[in-house]
Amino acid sequence: MAPLQILCLLLVCLPLCLSASIHDLLKSMGLPPGLFPKDVKSYTFSASGLLQVYLDGPCLTRFDTMALYESELRANLTHGSLTGVQGLSQEELFLWLPVKDIIVNDPTSGLILFDIGLAHKQLSLSLFEDPPDCSTKGKLKELRGKEKGFV
């Protein structure tokens, strides 16, 4: 790599590498900060664009439907997109489907696209303004009861 290329890479990457949190990194890359839970233990972001996010353990939250985060998530992060996502699933019609890509094509549209393999879901960006609280996997029954009004 030529010295000029290295310098350019440092100028682009340095502000991202010094980000205080994963949520700041997401915002700097044109994505909403609430895509990952509040309780992210740590993360790495390589020069190749590989993002690895670590949680204390698997956890559940709710956006439009239930979402399950594994203890480690991986994705390729570029401006406006997380592609090749591993470690995130959404519940659709009583099935857990892996989220493959998360894309914001046009921030002014107010929409974010979730590719869950069988379908593409467009959701409001407002659902992801704030990092969500995330409950342990054992709380699934309690969370489902709350969403149905049984608790």
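Numbered per mature numbering (1 follows the signal peptide of the UniProt record, and there is no 0), the sequence shown spans residues -19 to -1, 1 to 132. We put the CB at the ideal spot given by N, CA and C, even for glycine.
Does DSSP put His60 in a helix, in a strand, or in coil? In the structure shown, His60 sits in coil (DSSP, three-state: anything other than H, G, I, E or B).
Determine contact between the segment 97 to 112 and the segment 7 to 15, defined as no fewer than three beta-carbon pairs at a distance below 8 angstroms. When C-beta atoms of the segment 97 to 112 are compared with those of the segment 7 to 15, three or more pairs fall below 8 angstroms, so the two segments count as touching.
Helix, strand or coil for residue 133 per DSSP? Because residue 133 is not part of the residues shown, which for the chain are -19 to 132, the question remains open.
Length-filtered (4 minimum) alpha helix (DSSP H) runs lying within the segment 36 to 80: Qualifying alpha helix (DSSP H) stretches: none in this window.
Output the distance between the C-alpha atoms of Gly91 and Leu106, rounded to the nearest integer angstrom. Their backbone Cα atoms lie some 5 angstroms apart in a straight line.
What residue range is occupied by the uninterrupted alpha helix (DSSP H) comprising Leu7? Where Leu7 is concerned, the enclosing alpha helix (DSSP H) stretches over Ile3 to Ser9.
Grouping DSSP H, G and I as helix and E and B as strand, with all else coil, what is Leu16? Leu16 falls in the helix class under three-state DSSP.
Could you have a look at Leu104 and say whether DSSP puts it in helix, strand or coil? Secondary structure at Leu104: strand, using DSSP grouped into helix, strand and coil.
Does the Cβ of Ala1 have 16 or more other Cβ atoms within 10 Å, making it buried, or fewer, making it exposed? By the neighbour-count definition (other C-beta atoms within 10 Å, threshold 16), Ala1 is an exposed residue.
Tell me, which residues are paired with Phe95 by DSSP? Answer by DSSP bridge pairing, in chain order: Ile83 and Lys102.
What's the C-alpha gap between Phe44 and Phe26? C-alpha separation (whole angstroms): 25 angstroms.
If the criterion is Cβ atoms closer than 8 angstroms, does the pair Ile97 and Leu104 meet it? Not a contact, by the Cβ cut-off of 8 angstroms.
Where does Gln71 land, buried or exposed, given buried means 16+ other C-beta within 10 angstroms? Gln71 comes out buried.
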